[in-house]
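Reading the sequence shown from the start, the letters are residues 313 to 599 in the numbering used here.
Quick reminder that beta carbons are idealized off the backbone N, C-alpha and C, glycines included.
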Amino acid sequence: MKVDLHCHSTASDGALSPAEVVCRAHGRGVRLLALTDHDTLDGLPEAQAASAGLDIELINGIELSALWGGTTVHVLGYAFSSEAPALRRALAELQEGRWQRAAEIARRLAGKGMDGALEGARAVQRELGDSGNAPARPHFAEFLVRAGHARDRAQAFQKWLGAGKLGDIKQYWPSLEQAIATLRAAGAWISLAHPWHYDFTRSKRRRLVVDFIRAGGHALEVSNGLQPAEQVGGLAILVREFGLLASAGSDFHAPDTWSELGLYRPPPDDLPPLWMRFTHVRHCAVL
313 MKVDLHCHST ASDGALSPAE VVCRAHGRGV RLLALTDHDT LDGLPEAQAA
363 SAGLDIELIN GIELSALWGG TTVHVLGYAF SSEAPALRRA LAELQEGRWQ
413 RAAEIARRLA GKGMDGALEG ARAVQRELGD SGNAPARPHF AEFLVRAGHA
463 RDRAQAFQKW LGAGKLGDIK QYWPSLEQAI ATLRAAGAWI SLAHPWHYDF
513 TRSKRRRLVV DFIRAGGHAL EVSNGLQPAE QVGGLAILVR EFGLLASAGS
563 DFHAPDTWSE LGLYRPPPDD LPPLWMRFTH VRHCAVL
């Protein structure tokens with residue numbers, strides 16, 4: 313059974329609709345999939361409908377933003393109740409914050425003579441598939457390209473949207489403890505997303521893992537796409553040391569040679585896989 317527990321659709325910052333993600337995953341041999349859009353469940357109904365009749369099991373998933381040590385980190389929740397009141401309240405607050413952030417990015421760009429950014433980014437987002445989520449920086453980047461303010465998306469980030477630039481707006485996120493408590497209240501299994509993506513020293517990354525465990529987390533995302541093999545090995549060491557579960561996923565956003573559904577370095581065989589704790593797949597053998 314081929315598994316992918318980390319991917320995104322147009323409900324957040326992905327390029328394909330939820331239905332397209334499910335069908336593409338199925339076509340690539342994935343048989344257990346979690347759609348994990350950022351801070352929203354909007355894509356799940358469409359994804360569930362698309363999975364009906366296909367030989368693929370879709371798990372409720374989400375990637376929540378949280379704050380730890382002054383840095384934004386992400387936690388992945390799986391197999392939860394999507395109607396849990398605590399989760400619904402938290403998501404409503406996050407969505408309001410995302411819209412405020414988008415409005416502030418547009419205001420700052422307008423101050424540099426780039427008017428209409430919010431409407432333009434929203435139009436880009438609608439072309440991909442309507443979403444109640446606020447437009448994200450990739451949508452603003454495409455707007456800047458179309459409006460002639462940047463040569464391509466890479467330059468849009470380099471000049472205006474990347475870390476430390478005009479459009480790099482910090483948003484209020486719940487604490488790591490609050491995000492995990494919200495997911496636990498919904499009955500979720502919880503994984504720390506791509507722990508090596510954060511610009512941490514080895515000791516700081518280890519402190520993050522310790523705090524994640526203390527807050528009630530269950531697993532580490534040992535393999536995130538085609539990250540270097542030594543990173544997979546380093547995270548596997550932490551899984552063994554702390555008796556955690558291991559998760560893996562492509563972190564798919566758009567079709568690309570280095571990012572595809574079901575494409576990631578396999579975790580070491582001795583690690584206990586998180587997905588085997590999902591009740592309805594416990595009997596399955598993972599290939």
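Reference residue 566, options 327, 317, 323, closest by Cα = 327
CB residue 535 to CB residue 484, shorter than 9 Å?
-> Not closer than 9 Å, so no.
How about the segment 417-431 and the segment 451-466: do they share at least three Cβ pairs that are nearer than 8 Å?
-> yes
Member of 498, 490, 587, 455 whose CA lies at the smallest distance from the CA of residue 527 = 490
Sequence-distant residues of the same chain with beta carbon closer than 8 Å to residue 342, five excluded per side = 314, 315, 316, 368, 573, 574
Alpha-carbon spacing of residue 389 relative to residue 541, whole angstroms | 25 Å
Which whole-angstrom value is the C-beta distance of residue 558 and residue 538, which I expect to be below 8 Å?
-> Their Cβ separation, rounded to whole angstroms, is 17 Å, which puts residue 558 and residue 538 out of contact at 8 Å.
Nearest candidate by alpha-carbon position, reference residue 521, set 499, 492, 496 = 492
Take every Cβ of the segment 440-450, pair it with every Cβ of the segment 335-354, and state whether three or more of those distances are shorter than 8 Å.
-> yes
Assign residue 425 to one of three DSSP states: helix, strand, or coil.
-> Three-state DSSP puts residue 425 in coil, outside helix and strand.
Residues bridged to residue 395 (per DSSP) = Note: residue 395 sits in no beta bridge, so no partner.
Put residue 368 into one of helix, strand or coil per three-state DSSP.
-> coil
Touching or not, the segment 498-511 and the segment 376-392, by the rule of three or more beta carbon pairs under 8 Å?
-> yes
With a floor of 3 residues, list each beta strand (DSSP E) that falls wholly inside the segment 484-558, ordered by position along the chain.
-> 501-504, 531-536
Which of helix, strand or coil DSSP assigns to residue 564 | strand
Simplified DSSP state of residue 432, which is helix, strand or coil = helix
Could you check which residue in 494, 509, 397, 579 has the C-alpha nearest to that of residue 376?
-> 494
When the distance is taken between beta carbons, is residue 478 closer than 9 Å to residue 420?
-> yes
In the structure shown, what three-state DSSP assignment does residue 317 receive?
-> coil
Check whether the Cβ atoms of residue 379 and residue 334 lie closer than 9 Å to each other.
-> Not in contact: residue 379 and residue 334 (Cβ atoms no closer than 9 Å).
What's the gap between the Cα of residue 570 and the Cα of residue 325?
-> 17 Å
Range covered by the alpha helix (DSSP H) that runs through residue 589 | Taken as a continuous stretch (DSSP letters only), residue 589 belongs to no alpha helix (DSSP H), as it is neither H nor E.
Identify the continuous beta strand (DSSP E) that holds residue 478 and give its terminal residues.
-> Unbroken run through residue 478: none, as it is neither H nor E.
Proximity winner among 486, 506, 548, relative to residue 398 (alpha-carbon distances) | 486
Among 561, 418, 395, 545, the one whose alpha carbon lies nearest that of residue 582 = 545
Going by Cα to Cα distance, which pick from 354, 519, 556, 339 is closest to residue 404?
-> From the listed residues 354, 519, 556, 339, the smallest Cα separation to residue 404 is found for 354.
Take the Cβ of residue 371 as the centre, count every other Cβ of all protein chains shown within 10 Å, and call the residue buried at 16 or more, exposed below.
-> Residue 371 should be labelled buried.
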